[in-house]
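These notes concern the structure reproduced below.
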């Protein structure tokens, strides 16, 4: 399976942003957006705005994701939201392991893996985030860091291809998130290729070729076309730009990998 055979994936992570008014405006814009064939789009509002987004969203080419989930089911966990609740609310996706959760909330890779397993059991698909800090990159530890982070998930899922089909891996170099800095095309391709090779060696070649590995980190309308053209980049997890009109341009960048357009 080559890159053009994997459905291009664009996620919009709204993070801790939004009002009822701004959510309505964003959804109105998305309702009129044209989603190319072979592009899957998921947006992640705050937990408080998910219901509003579900109510307003009419574009059948877009699904809604949560930004996080608790590691277990329902219970005495004040302030948390379980995967059981996400599934009950009709949500099909959740973002796990974002660098902001890892750094601000001290979530370990093991916890991210445990969350992944539990969410998948509840029928909620997972966008699992991995990435290195600037210090780790400068020390030459990028490959070690990202494969160790992904390795915790792999330990839990093993070589179960049916499980991996429900997972999207988001490589987000921490030094590029919200900084305006973007990995060069060569840097992005190198890490994505490393991850795919690692998956082949540690799970199976089938899983390596079918798993979507997307890039995140200051993705914009200006750089998305070049990044989307890379053979091992299967889409984007977009932060700030997902709150702007240019998100539509980022979505369209995936059309270049539509086999039917060739």
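Residue numbers (our numbering): 465 to 726. Cβ coordinates follow ideal geometry from the N, Cα and C atoms, glycine included.
Within a 10 Å sphere around the beta-carbon of residue 698 sit 16 or more other beta-carbons, which makes this residue buried. Out of 660, 670, 671, 709, the CA that lies nearest to the CA of residue 684 is found in 709.
Following the DSSP letters along the chain, one finds residue 593 in no alpha helix (DSSP H) but inside the beta strand (DSSP E) bounded by residues 589-594.
When DSSP states are grouped into helix, strand and coil, residue 538 belongs to the coil group. Note on residue 604: under 16 other CB atoms within 10 angstroms of its CB, so exposed under the neighbour-count rule.
The C-beta distance from residue 644 to residue 682 rounds to 5 Å, short enough to meet the 8 Å contact threshold.
In the pairwise beta carbon analysis, the region 481-492 is classified as touching the region 520-535: at least three pairs are separated by under 8 Å. For residue 660, DSSP assigns no beta-bridge partner whatsoever. Between residue 704 and residue 642, the gap from beta carbon to beta carbon is short of 8 Å.
Between the C-alpha atoms of residue 505 and residue 599 there is a straight-line separation of about 32 Å.
By the neighbour-count criterion, in which a residue is buried when 16 or more other Cβ atoms sit within 10 angstroms of its Cβ, residue 570 is exposed.
The Cβ atoms of residue 527 and residue 478 lie no closer than 8 Å to each other. Around residue 515, the same chain offers 553 as residues with beta carbons nearer than 8 Å, after the five sequence neighbours per side are excluded. For a cut-off of 8 Å, the C-beta gap from residue 696 to residue 660 is around 6 Å, short enough to register as a contact.
In the three-state reduction of the DSSP assignment, residue 718 falls in the helix class, which pools H, G and I.
The C-beta distance from residue 687 to residue 646 rounds to 5 Å, short enough to meet the 8 Å contact threshold.
In the structure shown, residue 565 falls within a helical segment according to DSSP collapsed to helix, strand and coil. A check of alpha carbon separations from residue 568 across 469, 693, 638 identifies 638 as the nearest.
For residue 683, no alpha helix (DSSP H) segment is defined, and its DSSP state is neither H nor E. For residue 484, the number of other beta carbons within 10 angstroms of its own is below 16, and it is reported as exposed.
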